[in-house]
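Letter by letter, the sequence shown follows residues -17 to -1, 1 to 521 in mature numbering (1 follows the signal peptide of the UniProt record, and there is no 0). Glycine included, each C-beta is placed from N, C-alpha and C at the ideal position. The block underneath contains the structure these notes are about, expressed in structure tokens.
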Amino acid sequence: MTLKLFLVLGLLGGVLSLQSIKDTPRTKSLRYSISGSISNLQSLAQAVGLPSYFSLQVTHEREMPDGNVKTRLQLTYNGLPVRNYALRATRNSNGNFVGEVRGYYPTISPALDTSASVNDQQLKKATAQYVKDRTIRQDVGEIKANDIDDFTTQKQIYINPSTGAASVVYFCKGFITIPTFFRNPKVLYDIASGQIISGSILVRFASSESDESGEVNKRNSCPNVQGGNEKLGVFNYGSGSNEICLDVQRDGDKCTLAGDNFVVLSLDNSYDKKKAKTVSFKCNKGPNDSINGAKSPSVDAFYAAQSVFRLLNSYKANPLVNREPLSIYVHYGENFDNSFSNGKDVFLGDGSELLFPAPSGPDVVAHEIGHAVSAAYGKLQLGPESHTVDEAFADITALVLMRSIGLASENDWLIGATITKQAGESLRDLQNPSNDDFYIDNTKYLGAITAPGQASGIISKAFYNALQPVVSAGQTKKIAYRDLYESFLQANIIEWNEDSFLADAAVGVVNAAGDLGLDTGIIIAAFEAVGVNVRDFL
């Protein structure tokens, strides 16, 4: 049985359906088989027949098992990225493009003027007003521009999926946290109309580090401390043979919960992250932050994050290498029965009568870091279907993490069972997403949902389906969970876009699986079983 504890902030904001980018008016499909030697982007754009007003920009690359490099090529117009439009290509070891180039491109008038601009303060005011207009609660007062932290903007070209019309927009995002009120606004501000034409205020809820090769960088720290909770049991951290080594920063007898890609900070039950302090303690004593049935939420948060980033590094798919570390805030608020991510930070509550502290469940922490992974790759930002895909990817990341650290068997499909206080309860069930009458597991129920996260069970169920043995011609075929997760991870890096539709996300997983040498027939059948007929969108 699952608890419905993951808050829904805002209404659906659109009807979910099996749309595809290929259905956008005036959008054209591109498939081109390369012959000859092409090594630069300008020559590639000309060879594949892109209109001359487009250029290509490499945004992400990933090495394949055969040594080639899969590449995502963002379309740009007058130097501005065209939102949701990119080509996928392959480079060989010599840097030449080989094989097939595929993707979609829109039709844009060469007369589209991109010179107009809007200052950040005006954009911030518009974003604050957007949040205010969509906030039902009356106890938060006036929402002002100064309430938005971490505010960033990017000028882009936006293609309306209903009309195919192009416009110049600013993609704006930020984070609002007022006590007991938090929103993660992301909006598209149209320069010509001076209006926000699309947006969301949803927060993505859960309800020693490795290098690029996956090798562990030992710091010889391994403080002797305890973690875990009353349900999961005690975690013994240390350097012993039956203990878990926490690769923390160490200076003499002082240990600091900071890794190469993340840092753990304590809010001491505040809601204001400006008051947070990096967790440090005497290595032989621990941080002394036991609460609500958990030994040490801060230490557990470090262990979970360390494990997730080692998992990502094992795939050579860590988006935070050489980037600003992820901030993980523990002891968020008072009696806070939840956790969430704004893409840049992770916030973990101490629970109350229903839940143990969120950090004491490694899968809950992994779920939130899953959101941060999508954000770091610049994917799954706006739109109800994009939100659905993001939630499912976070859940799948959580499950894979639990299996990789030995806390879940191949028959365990539950997320959050580690922190629920009632026996038999969990927060999500990937095998039976609909068993709580909230999440759905098939597209035929899309018309009945009221919040985008409810549809995440469609992709979660497809993941479950794809891991089941298949008997064909007297032989049993089965995809390993690590291999299947890699196809989702690669889809996030190379295939998915800023606002991917659900069907396009499924196609992306199939394409990624094919590039990785997996049996795409099994994965296509897994999606068909939940109502996503991938062949219709290939």
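Helix, strand or coil for residue i, going by three-state DSSP, please let me know.
i	result
residue 15	strand
residue 22	coil
residue 222	coil
residue 518	helix
residue 149	strand
residue 246	strand
residue 141	strand
residue 436	helix
residue 7	coil
residue 444	helix
residue 36	coil
residue 29	helix
residue 309	strand
residue 430	helix
residue 156	strand
residue 303	coil
Quick check: the Cα distance between residue i and residue j, rounded to an integer number of angstroms?
i	j	result
residue 431	residue 34	42 Å
residue 427	residue 362	26 Å
residue 17	residue 81	6 Å
residue 131	residue 256	13 Å
residue 532	residue 135	It is not possible to answer for residue 532, since the shown part of the chain is limited to -17 through 521.
residue 1	residue 515	8 Å
residue 371	residue 209	36 Å
residue 128	residue 520	41 Å
residue 469	residue 295	9 Å
residue 396	residue 436	18 Å
residue 444	residue 94	46 Å
residue 159	residue 253	14 Å
residue 227	residue 44	33 Å
residue 116	residue 137	23 Å
residue 440	residue 352	19 Å
residue 552	residue 349	Since the first residue of the chain shown is -17 and the last is 521, residue 552 is not available in this structure.
residue 84	residue 74	10 Å
residue 425	residue 442	9 Å
residue 155	residue 330	21 Å
residue 420	residue 410	13 Å
residue 292	residue 185	25 Å
residue 381	residue 290	11 Å
In the DSSP assignment, what are the bridge partners of residue i?
i	result
residue 43	55
residue 232	239
residue 420	None, per the DSSP bridge assignment.
residue 402	Residue 402 pairs with nothing; no bridge assigned.
residue 177	None; residue 177 has no bridge partner.
residue 212	216, 277
residue 412	397
residue 132	158
residue 528	No information on residue 528 is available, as it lies outside the stretch -17 to 521 that the chain covers here.
residue 227	220
Is the distance from the Cβ of residue i to the Cβ of residue j below 9 Å?
i	j	result
residue 517	residue 465	no
residue 56	residue 86	yes
residue 339	residue 276	yes
residue 270	residue 297	no
residue 177	residue 110	no
residue 66	residue 112	no
residue 482	residue 326	no
residue 88	residue 11	yes
residue 375	residue 324	no
residue 403	residue 346	no
residue 263	residue 240	yes
residue 332	residue 212	no
Counting only runs of 3+ residues fully inside the stretch 258 to 300, write out the beta strand (DSSP E) ranges in chain order. 263 to 265
Extract the residue ranges of the alpha helix (DSSP H) inside the stretch 63 to 129, only unbroken runs of 4 or more that lie entirely within it. Whole alpha helix (DSSP H) segments, 4+ residues: 103 to 116.
Give, in chain order, every unbroken run of the alpha helix (DSSP H) that is at least 4 residues long and sits entirely within the stretch 448 to 514. 464 to 473, 485 to 498, 503 to 511
Ignoring anything shorter than 4 residues or poking outside the stretch 314 to 398, list the alpha helix (DSSP H) runs there in chain order. If we require 4 residues or more, the alpha helix (DSSP H) runs fully inside the stretch 314 to 398 come out as 345 to 359, 367 to 387.
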